[in-house]
Each structure stands twice: as structure tokens, then as C-alpha cells.
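Undergrad: I'd like to ask you about the structure that follows.
In this note's numbering, the protein residues as written are 17 to 356.
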């Protein structure tokens with residue numbers, strides 16, 4: 017990583033990391049990121065900083081302290097987050113890495129072997145120093161929400177917890193998860209409730225924290241309605257501005273806007289984005305601070321936020337008075353390479 021980032025640094029790159037651990041070895045993972053940044057001479061960003069699992073919630077203060085110390089040293093270390101206490105991935109995050117070696121097909125084949133299945137179940141039920149067991153970190157099957165399936169026969173289970181499906185089937189939670197992976201022939205999109213609301217507020221308060229949905233661009237229509245996405249796909253930014261800025265006063269509105277606009281643009285090296293300035297691209301969202309609010313929930317995620325009146329992308333209106341104009345002026349944006 018250090019060697020690769022030394023090359024990236026020559027081109028004005030940034031080390032953006034989904035760090036090695038977000039639970040048991042969170043602090044060691046942050047140390048690793050800081051070491052890479054220091055030795056490679058490159059700025060670094062932690063994607064979706066969190067302390068995952070109740071046993072690790074108290075590590076967030078030490079994590080913040082490590083980042084603050086590195087920044088005081090002169091290192092350009094930043095992070096981003098989403099404004100929810102649940103993350104989303106697949107049921108693969110509940111099973112040990114060794115059973116998944118060789119790819120998806122090999123994983124599913126192994127899960128059908130009784131001896132391997134028994135070993136996997138045993139490892140799913142305990143924490144491990146060797147891998148990040150998000151099932152264990154979440155605290156139990158009632159904290160795992162099934163978000164979507166490929167198999168139409170399984171789609172009625174969307175929006176139920178693993179505990180609910182296990183009760184319906186009369187099987188253990190671990191057997192249920194393994195069966196669902198086999199039956200759907202997929203990793204099975206799943207939300208893991210494993211963060212604390214107090215820590216969400218602590219992270220928002222950090223001036224080096226940006227915000228991102230960590231989700232696909234969705235719409236409440238067509239094929240999208242066949243899935244049950246994490247509500248962050250619809251509500252991340254409105255949730256920040258409504259719940260945490262207006263209602264709870266965690267940070268001022270102007271600071272929130274900075275960290276939604278110029279701050280991430282600067283971190284990503286996009287010099288003509290993120291500011292209302294002559295000669296810059298006109299990417300503008302016009303909202304009412306008094307009414308902006310997220311509505312997406314885990315039970316009903318396909319709900320737009322309200323309070324956003326107009327959106328302009330590259331100078332072209334795409335939302336006027338809350339209605340889509342049909343325009344699609346978006347474009348791929350990349351950082352300009354430095355001249356050498």
C-alpha cells in the first residue's frame with residue numbers, strides 16, 4: 017500500500033480506504049491508514065468511519081483522538097460517514113472468509129456440505145480475532161434486516177429480520193442465513209444495526225468529517241421497487257440538515273453546507289466544483305432549512321426527502337418546484353492530473 021500510494025502521490029492522488037477493521041481492531045486499522053499516509057506522503061480519507069458493535073462503541077473517542085493527532089502533525093487525514101446507525105452489506109459479512117475463498121460459486125458449494133456448514137455455524141456464533149463478524153457485532157438476528165433478493169420466491173421476506181424468518185421457518189438464525197444464501201444464490205443484501213446514535217452525533221461534530229450515502233442512485237419506480245434498499249439511498253443528506261442540524265443543533269447550518277459541498281470537492285481534487293463562484297460549474301441545491309426532512313425508513317425506504325425545491329446540475333435545472341424536469345445533464349467527474 018505504501019509503494020502504491022507513493023506513486024499515486026506523484027499525481028496528486030489520495031488514499032481512500034475502507035479500513036481493515038471497524039470493530040475489534042478499529043484503532044489498529046486507523047494506525048495503519050495513518051502510517052500509509054505518512055510514509056507515502058499522501059492525503060488519506062477513511063470511508064464510512066464507524067465503531068461497529070456495542071462492545072466497540074467506546075473506541076470512537078480514541079479513534080477521533082488518533083485522527084486529530086495525525087492532523088496536528090500536518091497529515092491530511094479526513095473521513096466520511098452516513099447519518100444512520102445501521103450499515104448495509106450482505107450475509108457474507110456474517111460468515112468466515114475461508115468459506116468464501118474462490119468466489120461466490122465456491123462459497124455456495126461449500127455451504128451445502130454438512131461438515132463445512134456445521135463449522136461455519138460454530139464460527140458465526142462467536143467473535144473472532146481473525147475476521148470481522150458483523151453478525152456477532154450487531155448483537156443478534158433481530159438486528160439483521162433483509163433488504164432484497166434475486167429469487168422472486170424469496171422477495172416476500174424483504175424487510176423482515178433474520179430472527180423473524182428463522183421463526184417462520186423453525187430453523188436457527190445461522191441455518192436460516194446459510195439457507196437464504198443458497199436459495200437466492202447471492203450474498204443477500206442485509207442491514208446490520210451495530211452503531212450508536214451518540215457516536216453518530218460525535219462523528220458529525222468533527223470538522224474533518226464529510227458525508228456520503230454509500231448507496232446507489234435510486235428512484236421509487238420500476239425495477240428499483242423490487243429491492244428494499246438502505247434508507248440512506250434517499251435520506252442521508254436531508255437527515256443531516258433536518259434531524260441533526262435543525263432539530264438537534266449538532267453543527268450549524270453553514271458548517272453542514274461546507275461539509276456537503278466545498279469540503280468533499282477539495283478532498284477529491286475537483287477545483288471547479290463545490291462553491292458558488294463565477295466560472296465554476298453550477299451544481300446547486302435550493303432547499304428550505306425549516307422544512308427539509310428525510311422520510312425513508314427501513315420498512316419503507318422508497319420515499320424522497322421533502323423540503324428540496326430546486327436542483328441544478330452543470331447549470332441545467334433537473335428539479336423545479338420539487339418536480340423532475342426530465343433533464344439529465346450529469347457527467348462523470350474526475351480530478352485533473354497535475355502537469356509533470
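Ideal Cβ positions, reconstructed from N, Cα and C, are used throughout, including at glycine.
Since this is a predicted model, take the numbers as computed values, not measurements.
Locate the alpha helix (DSSP H) running through residue 30, then write down its first and last residues.
TA: The count along the chain shown starts at 1 and reaches residue 30 at position 14. Residue 30 -> not in any alpha helix (DSSP H); beta strand (DSSP E) instead, spanning 30 to 33.
Undergrad: Let's see if you can read the secondary structure: which residues bound the alpha helix (DSSP H) around residue 247?
TA: Looking up residue 247 in the chain shown gives position 231. No alpha helix (DSSP H) holds residue 247; DSSP gives it neither H nor E.
Undergrad: Counting only runs of 3+ residues fully inside the stretch 19 to 101, write out the beta strand (DSSP E) ranges in chain order.
TA: For the stretch 19 to 101, whole beta strand (DSSP E) runs of length 3 or above, ordered along the chain, are 30 to 33, 59 to 62, 93 to 97.
Undergrad: Who are the Cβ neighbours of residue 225 in its own chain at under 8 Å, not counting the five residues just before and after it?
TA: Residue numbering aside, residue 225 sits at position 209 when the chain shown is read from its first letter. For residue 225, where only same-chain residues beyond five positions count, the Cβ hits under 8 Å are 65, 94, 95, 96, 97, 219, 275.
Undergrad: Which word fits residue 83, buried or exposed, when buried means at least 16 other C-beta atoms lie within 10 angstroms of its C-beta?
TA: Walking along the chain shown from the start, residue 83 turns up at place 67. The residue is buried, with at least 16 neighbouring Cβ atoms inside 10 Å.
Undergrad: List in chain order: all unbroken beta strand (DSSP E) runs of 3+ residues lying wholly within the stretch 97 to 168.
TA: Fully enclosed beta strand (DSSP E) runs of 3 or longer: 102 to 106, 160 to 164.
Undergrad: Pull up the DSSP beta-bridge partners for residue 318, would you.
TA: Position 302 of the chain shown, counted from the start, is the residue given in the question as residue 318. Answer is none; residue 318 lacks a bridge partner.
Undergrad: For residue 78, which residues from the same chain have a beta carbon less than 8 Å from its beta carbon, with the 5 sequence-adjacent residues on both sides left out?
TA: Counting from 1 along the chain shown, the entry for residue 78 is found at position 62. If we look at residue 78 and ignore the five residues flanking it on each side, its Cβ neighbours are 43.
Undergrad: Can you give me the C-alpha to C-alpha distance between residue 311 and residue 132, rounded to a whole angstrom?
TA: Start at 1 with the first residue of the chain shown, and residue 311 comes out as number 295. Start at 1 with the first residue of the chain shown, and residue 132 comes out as number 116. About 43 Å.
Undergrad: Using the beta-carbon count (16 or more within 10 Å), is residue 340 buried or exposed?
TA: Within the chain shown, numbered from 1, the residue matching residue 340 stands at position 324. Exposed is the call here.
Undergrad: Sort 332, 354, 130, 247 by Cα distance to residue 287 and report the nearest one.
TA: Stepping through the chain shown from its first residue, residue 287 is reached at position 271. Nearest option by C-alpha distance: 354.
Undergrad: Take residue 29 as the anchor and find which of 59, 17, 157 has the nearest alpha-carbon.
TA: Here residue 29 refers to the residue found at position 13 of the chain shown. Among 59, 17, 157, the Cα nearest to that of residue 29 belongs to 59.
Undergrad: Contact check, residue 164 vs residue 109 under 8 Å by CB: the rounded distance?
TA: Here residue 164 refers to the residue found at position 148 of the chain shown. Here residue 109 refers to the residue found at position 93 of the chain shown. Actually they do not touch by this definition, with Cβ atoms about 15 Å apart.
Undergrad: Between which two residues does the beta strand (DSSP E) carrying residue 328 extend?
TA: Locating residue 328 in the chain shown gives position 312, where the first residue counts as 1. Unbroken beta strand (DSSP E) run through residue 328: 324 to 329.
Undergrad: Report buried or exposed for residue 152, applying the criterion of at least 16 other Cβ atoms within 10 angstroms of its Cβ.
TA: Taking the first residue of the chain shown as position 1, residue 152 is located at position 136. Answer is buried; the Cβ neighbour count reaches 16.
Undergrad: Identify which residue in 282, 138, 203, 52 has its Cα closest to the Cα of residue 36.
TA: One-based indexing of the chain shown puts residue 36 at position 20. If we check each option's Cα against that of residue 36, 52 comes out closest.
Undergrad: Going by Cα to Cα distance, which pick from 317, 318, 342, 320 is closest to residue 329?
TA: As a working mapping, residue 329 is identified with position 313 in the chain shown. Comparing Cα positions, the closest option is 342.
Undergrad: Examine the Cβ distances between the stretch 240 to 248 and the stretch 313 to 323 and report whether three or more of them are shorter than 8 Å.
TA: Verdict: yes, contact present.
Undergrad: Specify the secondary structure class of residue 211 as computed by DSSP and reduced to three states.
TA: In the chain shown, residue 211 corresponds to position 195, counting from 1. Residue 211: coil per DSSP, three-state reduction.
Undergrad: Have a look at residue 176 and residue 27 and give me their C-alpha separation to the nearest angstrom.
TA: Start at 1 with the first residue of the chain shown, and residue 176 comes out as number 160. Start at 1 with the first residue of the chain shown, and residue 27 comes out as number 11. If I take the Cα positions, the gap works out to 47 Å.
Undergrad: According to DSSP, is residue 309 part of a helix, a strand, or is it coil?
TA: Stepping through the chain shown from its first residue, residue 309 is reached at position 293. If DSSP states are grouped into helix, strand and coil, residue 309 belongs with the strands.
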